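Everything on this sheet refers to the single structure shown next.
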Amino acid sequence: MKAGSKFILLSALGLLCMQISFSKKKKDKVPINSEQRFINKLEGCLAQKDAYCYIALWPDMDTLSKLILEYADKHSEERKEMLTLRANPVELMHKDSVFKANLKQSFEQTIADGEALGLHWEALMPQRYELVRLRETRNTLNEKLAPTRFIGYLYFADLNSTRAFALQVSEILQIKNEWYGGQLGQIFEASTRDEWEAARRQAVADRKNPKPKPDSTQQPVSEDEQTAAAAKPLRQIVDRKFYAGTFDNNINVTLYVRSLRGDCPGGICAWEAMYKFGDQDGVVPLQVTKDSLGKWHFAEDPPNAVMDLDLKDKTYTGTWLSADDQTGYDVHLEEVPLSAKREQKLDRLLNKNLK
Numbered sequence: 003m004k005a006g007s008k009f010i011l012l013s014a015l016g017l018l019c020m021q022i023s024f025s026k027k028k029k030d031k032v033p034i035n036s037e038q039r040f041i042n043k044l045e046g047c048l049a050q051k052d053a054y055c056y057i058a059l060w061p062d063m064d065t066l067s068k069l070i071l072e073y074a075d076k077h078s079e080e081r082k083e084m085l086t087l088r089a090n091p092v093e094l095m096h097k098d099s100v101f102k103a104n105l106k107q108s109f110e111q112t113i114a115d116g117e118a119l120g121l122h123w124e125a126l127m128p129q130r131y132e133l134v135r136l137r138e139t140r141n142t143l144n145e146k147l148a149p150t151r152f153i154g155y156l157y158f159a160d161l162n163s164t165r166a167f168a169l170q171v172s173e174i175l176q177i178k179n180e181w182y183g184g185q186l187g188q189i190f191e192a193s194t195r196d197e198w199e200a201a202r203r204q205a206v207a208d209r210k211n212p213k214p215k216p217d218s219t220q221q222p223v224s225e226d227e228q229t230a231a232a233a234k235p236l237r238q239i240v241d242r243k244f245y246a247g248t249f250d251n252n253i254n255v256t257l258y259v260r261s262l263r264g265d266c267p268g269g270i271c272a273w274e275a276m277y278k279f280g281d282q283d284g285v286v287p288l289q290v291t292k293d294s295l296g297k298w299h300f301a302e303d304p305p306n307a308v309m310d311l312d313l314k315d316k317t318y319t320g321t322w323l324s325a326d327d328q329t330g331y332d333v334h335l336e337e338v339p340l341s342a343k344r345e346q347k348l349d350r351l352l353n354k355n356l357k
């Protein structure tokens with residue numbers, strides 16, 4: 003047999019084995035059809051630090067595209083996009099790979115964040131969890147795909163240190179009576195949601211005003227000098243952005259964001275922001291964080307509501323959630339050019355409302 007023919011035969015056999023293996027895995031995958039089983043599975047993935055176990059909690063692009071074709075309006079852009087995607091298997095595989103790579107990165111970041119706090123994942127002992135059901139939105143396709151959605155908080159103890167920790171998890175989805183998703187959020191040492199919120203606010207404050215690294219070559223600083231320096235933190239504003247749009251295509255909203263320079267990698271260490279609803283006189287200051295995947299988190303102070311947003315092509319999209327009654331809205335905010343006069347007015351207003 004010629005070398006070329008042998009290579010083709012071996013390649014074909016390899017592909018056949020891969021298809022059989024993949025089919026077996028799909029066949030052996032047990033649907034998660036209860037809330038408790040989903041939580042148990044997610045906690046197990048974390049305890050084992052198994053990213054691939056976590057990825058399996060999400061529908062793949064093939065499954066998701068089929069669902070979109072099933073539920074999307076026949077003339078919608080989403081349906082047209084999925085038809086185009088399914089007609090190009092290579093592109094479908096590419097999008098699936100990118101999606102799974104992002105999930106893996108998110109999972110590994112959560113593991114690293116926990117270990118930085120001193121958490122021993124292998125000694126994780128689940129204590130309890132809270133799921134808060136999100137209200138119905140105006141996004142018809144999302145409501146058809148996953149009519150039941152939750153944001154959750156997982157509470158667990160580290161048996162090695164007896165310390166308590168809490169992890170926020172969003173995008174918990176129920177699709178056709180099966181449970182999927184679980185976008186991992188921030189983890190803090192906490193045993194209640196109030197303690198988690200307090201820790202998150204402190205983390206935001208620490209990012210805005212990072213403690214200077216000690217320099218052994220400098221003379222000791224007096225207590226009076228330290229107090230004066232703390233009272234006047236250095237803040238260099240390097241960028242300003244103004245956005246306008248709606249919540250649920252119904253409520254008019256504007257958002258103003260300022261970027262601050264610092265010593266962290268990339269130069270931008272913190273942000274200041276405020277938003278205003280169309281029918282309100284005052285503005286609401288916001289605490290801002292940005293995770294390793296580029297997702298923006300805006301929280302009112304005090305924490306009456308939060309926004310989790312993605313920024314693409316100068317447009318913020320995502321969700322707004324009330325902490326009181328769990329009212330939720332879809333967010334769409336587009337960047338608007340700023341005049342010098344409006345910029346000065348917004349700066350004065352934000353400075354007045356900063357705490």
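Going by the working numbering, 66 is the number at position 64 of the sequence shown; the sequence numbering is gapless.
Built from N, CA and C at the ideal position, the CB exists for glycine as well.
Computed from a prediction, not measured in an experiment: that's the story for all the values here.
Three-state secondary structure (DSSP) of residue i
i: G284; result: coil
i: S294; result: coil
i: N42; result: helix
i: G269; result: coil
i: K51; result: coil
i: E391; result: This structure does not reach residue 391, given that the chain is present from 3 up to 357, and the question cannot be answered.
i: E93; result: helix
i: E83; result: helix
i: K349; result: Contrary to the premise, residue 349 reads as Asp rather than Lys in this sequence. Helix, per DSSP.
i: E191; result: coil
i: L71; result: helix
i: K243; result: strand
i: K106; result: helix
i: S78; result: coil
i: N355; result: helix
i: D98; result: helix
i: D303; result: coil
i: K343; result: helix
i: D315; result: coil
CB contact flag (residue i, residue j, <8 Å)
i: R209; j: A272; result: yes
i: V171; j: F249; result: no
i: A168; j: F152; result: no
i: G183; j: L59; result: yes
i: E330; j: T317; result: Note that residue 330 is Gly in the sequence shown, not Glu. It is not a contact, given that the beta carbons lie outside the stated cut-off.
i: L119; j: I57; result: no
i: P245; j: L335; result: Per the sequence shown, the amino acid found at residue 245 is Tyr instead of Pro. The answer is yes: Cβ separation under 8 Å.
i: A74; j: L161; result: no
i: E180; j: P339; result: no
i: Q289; j: A307; result: no
i: A2; j: A201; result: Any property of residue 2 remains undetermined from this structure, which presents the chain solely from 3 to 357.
i: L352; j: R203; result: no
i: Q176; j: A159; result: no
i: L186; j: S294; result: no
Rounded distance between the beta-carbons of residue j and residue i, thought under 8 Å
i: L48; j: S67; result: Between S67 and L48 the Cβ distance is about 29 Å, and since that is not below 8 Å, they are no contact.
i: L262; j: Q238; result: 6 Å
i: N355; j: V255; result: Their Cβ separation, rounded to whole angstroms, is 16 Å, which puts N355 and V255 out of contact at 8 Å.
i: Y155; j: E173; result: Their Cβ separation, rounded to whole angstroms, is 14 Å, which puts Y155 and E173 out of contact at 8 Å.
i: D303; j: P287; result: 6 Å
i: E117; j: A53; result: Between A53 and E117 the Cβ distance is about 14 Å, and since that is not below 8 Å, they are no contact.
i: F101; j: M127; result: Going by Cβ atoms, the distance from F101 to M127 rounds to 31 Å, so no, they are not a contact pair.
Below-8 Å beta-carbon distance, residue i vs any chain C residue
i: N144; result: Of the protein chains in the structure, only one exists, and it is not chain C.
Whole runs of the alpha helix (DSSP H) within the segment 113 to 184, excluding any shorter than 4 residues: 142 to 147
Touching by the beta-carbon criterion (3+ pairs, under 8 Å), the segment 87 to 94 and the segment 121 to 138: no
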